[in-house]
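**Q**
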Amino acid sequence: MWSESLMCLEKNSRHTHNYQIFIMIAQQLAPVLAFVTQLLSTAAAVSRIGAVPALIAKVPVNVLLYGHCLSVAGMSKTNGGLSSYVLGFCLAFGGNILSSFFLGSQSSSILFVSNTAVVIWTVCWWIINHNPVALVDDVAEQPAVGIAARACLHTLRALTISAMTNAAAANYKGIVAPAIIAGTLAGCGGKLLADALESVSGGRGKFELNNPGFLLRSSVVNSSLVYVLVHYLKALSSVEATGLLLVISLAYTLSDDLTGNVVDASAHITNVFCTVIAPKKLLSGRPARKAAAAPASPARARSTSRKRAKTPSRR
Numbered sequence: 003m004w005s006e007s008l009m010c011l012e013k014n015s016r017h018t019h020n021y022q023i024f025i026m027i028a029q030q031l032a033p034v035l036a037f038v039t040q041l042l043s044t045a046a047a048v049s050r051i052g053a054v055p056a057l058i059a060k061v062p063v064n065v066l067l068y069g070h071c072l073s074v075a076g077m078s079k080t081n082g083g084l085s086s087y088v089l090g091f092c093l094a095f096g097g098n099i100l101s102s103f104f105l106g107s108q109s110s111s112i113l114f115v116s117n118t119a120v121v122i123w124t125v126c127w128w129i130i131n132h133n134p135v136a137l138v139d140d141v142a143e144q145p146a147v148g149i150a151a152r153a154c155l156h157t158l159r160a161l162t163i164s165a166m167t168n169a170a171a172a173n174y175k176g177i178v179a180p181a182i183i184a185g186t187l188a189g190c191g192g193k194l195l196a197d198a199l200e201s202v203s204g205g206r207g208k209f210e211l212n213n214p215g216f217l218l219r220s221s222v223v224n225s226s227l228v229y230v231l232v233h234y235l236k237a238l239s240s241v242e243a244t245g246l247l248l249v250i251s252l253a254y255t256l257s258d259d260l261t262g263n264v265v266d267a268s269a270h271i272t273n274v275f276c277t278v279i280a281p282k283k284l285l286s287g288r289p290a291r292k293a294a295a296a297p298a299s300p301a302r303a304r305s306t307s308r309k310r311a312k313t314p315s316r317r
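Each residue of the sequence shown is one higher than the last, beginning at 3 in the working numbering.
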């Protein structure tokens, strides 16, 4: 009994010590965070990054939708059948659907307001898959058209991530998870939904959760960026954070299409995060353990020995 009491006291003292260390670190970081907040606010005011969403708003929504749907229809082009239509639709609007249902605000989604999105998607899918006019195919395959379409795709994606993150943060003030989840679903929910349908139907494609790529990575990073800058540090307004996401997204697609050297800041941020959350490897300096090799089966060992016996010596 005494030993159990001593163990409990020791655990409590450890927790108290860890909490004190955390408080000390937070006190040391407070001036740094204040400086970073002021620096970001000044940079946003000087660069007038808040004017970017107003500039994008001058482009008609239907034009952005046409470019978005043409880009997705090109990515999901397979046999031109019903599966291509459904999977492509999920890729195009799955993020908007999942994030809207997650927040319980379906009225904010374009799919629940009018039939425009469905009509535009159907037209674009037909143009890419079944258009009989060769001239239209030649125009659609022009590099400038592809760059413009992908720019529309990433523009709508950035707007959706920012809108859903801010909506969740406003509905659940002080709680981090809903904002990050809503923003992540908005950014890559379409790919996750399409992967789920493809997996159920027996497909064996490259699934995003099995091999996380740009979509999942950038969705988590961008939604976290909006939440931290707007709702935690309060360094930027929601409009300025939206402008920042638009600049990041357009820089990604233009650098990829025009130069071939992708500007993807989310990859570096993810690498830093993965390094920080593995303190044992950093502190110990020991390499990770290698998995033990599976023992060779007797049949394989016999076949190997027979091959060696039949192989003539080179001496």
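Using N, Cα and C, we set each Cβ at its ideal position, and we do this for glycine too.
Considering just the uninterrupted stretch of the alpha helix (DSSP H) at T261, what are its terminal residues?
**A** Segment: none, T261 is in no alpha helix (DSSP H) and carries neither H nor E.
**Q** With 16 as the cutoff for other CB atoms within 10 Å, does I279 come out buried or exposed?
**A** The residue in question, I279, is exposed, as its Cβ has fewer than 16 Cβ neighbours within 10 Å.
**Q** Using the C-alpha atoms, what's the distance from A171 back to H233?
**A** Taking the straight line from one Cα to the other gives about 7 Å.
**Q** Identify whether I177 lies in helix, strand or coil by the three-state DSSP scheme.
**A** Here I177 sits in coil by DSSP.
**Q** Closest by CA to A94, which one among V54, G106, T124?
**A** A94 has its Cα closest to that of T124, out of V54, G106, T124.
**Q** Throw me the rounded Cβ distance for the L66 and S78 pair, which I believe falls under 8 Å.
**A** Actually they do not touch by this definition, with Cβ atoms about 18 Å apart.
**Q** Pick helix, strand or coil for K193, following the three-state DSSP scheme.
**A** Looking at K193 - three-state DSSP - the assignment turns out to be helix.
**Q** Considering S111, what are the terminal residues of the alpha helix (DSSP H) in which it resides?
**A** Premise fails: S111 is in no alpha helix (DSSP H) and is neither H nor E.
**Q** If we count the other Cβ atoms within 10 Å of its Cβ and call it buried at 16 or more, is T255 buried or exposed?
**A** So T255 ends up on the buried side.
**Q** Would you say T272 and S164 are within 7 Å of each other, going by their C-beta atoms?
**A** No, the Cβ-Cβ distance between T272 and S164 is not below 7 Å.
**Q** So, using beta-carbon positions, are A253 and V264 closer together than 7 Å?
**A** Cβ distance not < 7 Å, so A253 and V264 don't count as in contact.
**Q** Leaving out five residues before and five after V223 in sequence, what residues of the same chain have Cβ atoms less than 7 Å from its Cβ?
**A** The residues are S268, I271, T272.
**Q** Could you pull out every residue in the same chain whose Cβ sits closer than 6 Å to the Cβ of A142, ignoring the five residues on either side in sequence?
**A** Answer for A142: no residue qualifies.
**Q** Answer with buried or exposed for G207, where buried requires no fewer than 16 other C-beta atoms within 10 angstroms of its C-beta.
**A** Label assigned to G207: exposed.
**Q** Can you name, in chain order, every residue of its own chain whose Cβ lies under 8 Å from the Cβ of H156, other than the five neighbours on each side?
**A** S251, L252, Y254, T255.
**Q** With P55 and L248 assumed to form a contact (beta carbons below 8 Å), what rounded beta-carbon distance in angstroms separates them?
**A** At roughly 7 Å, the Cβ-Cβ gap stays under 8 Å, so P55 and L248 are in contact.
**Q** Is S240 near A184, with beta carbons less than 7 Å apart?
**A** No.
**Q** Between E242 and I51, how many whole angstroms is the CB-CB distance? I'm expecting something under 8 Å.
**A** Yes, they are in contact, since the Cβ atoms of E242 and I51 sit about 5 Å apart, within 8 Å.
**Q** With burial defined as no fewer than 16 other Cβ atoms inside 10 Å of the residue's Cβ, what is the status of S73: buried or exposed?
**A** The residue is buried, with at least 16 neighbouring Cβ atoms inside 10 Å.
**Q** Alpha carbon to alpha carbon, what distance is there between Y174 and V202?
**A** Taking the straight line from one Cα to the other gives about 34 Å.
**Q** Measuring CB to CB, does C190 end up less than 7 Å from C126?
**A** No, these two residues do not count as a Cβ contact at 7 Å.
**Q** Of all the alpha helix (DSSP H) runs that stay within the bounds of the stretch 52–118, which reach a length of 4 or more residues?
**A** 54–59, 63–77, 84–105, all fully within the stretch 52–118.
**Q** In angstroms, rounded to a whole number, what distance separates the CA positions of N133 and D139?
**A** One C-alpha to the other measures close to 8 Å.
**Q** Given a cut-off of 7 Å, decide if F209 and D197 are closer than it, judged by their beta-carbon atoms.
**A** Result yes, Cβ atoms of D197 and F209 sit closer than 7 Å.
**Q** Ends of the alpha helix (DSSP H) at V223?
**A** First-last of the alpha helix (DSSP H) with V223: 216–228.
**Q** Could you pull the start and end residues of the alpha helix (DSSP H) that E242 belongs to?
**A** Counting along the chain, the alpha helix (DSSP H) containing E242 begins and ends at 240–256.
**Q** Where do the N-terminal and C-terminal ends of the alpha helix (DSSP H) with F275 fall, by residue?
**A** 267–278 is the extent of the alpha helix (DSSP H) around F275.
**Q** Over the uninterrupted alpha helix (DSSP H) stretch that includes A237, give me the two end residues.
**A** Note, A237: premise wrong, no alpha helix (DSSP H); not H, not E.
**Q** So what's P145 in DSSP terms, helix, strand or just coil?
**A** P145 falls in the helix class under three-state DSSP.
**Q** Assign G205 to one of three DSSP states: helix, strand, or coil.
**A** Looking at G205 - three-state DSSP - the assignment turns out to be coil, as it is neither helix nor strand.
**Q** Hey, I130 and G96: beta-carbon distance below 7 Å or not?
**A** Taking 7 Å as the Cβ cut-off, I130 and G96 do not qualify as a contacting pair.
**Q** Beta-carbon separation of N98 and T162 under 7 Å?
**A** Going by C-beta atoms, N98 is nearer than 7 Å to T162.
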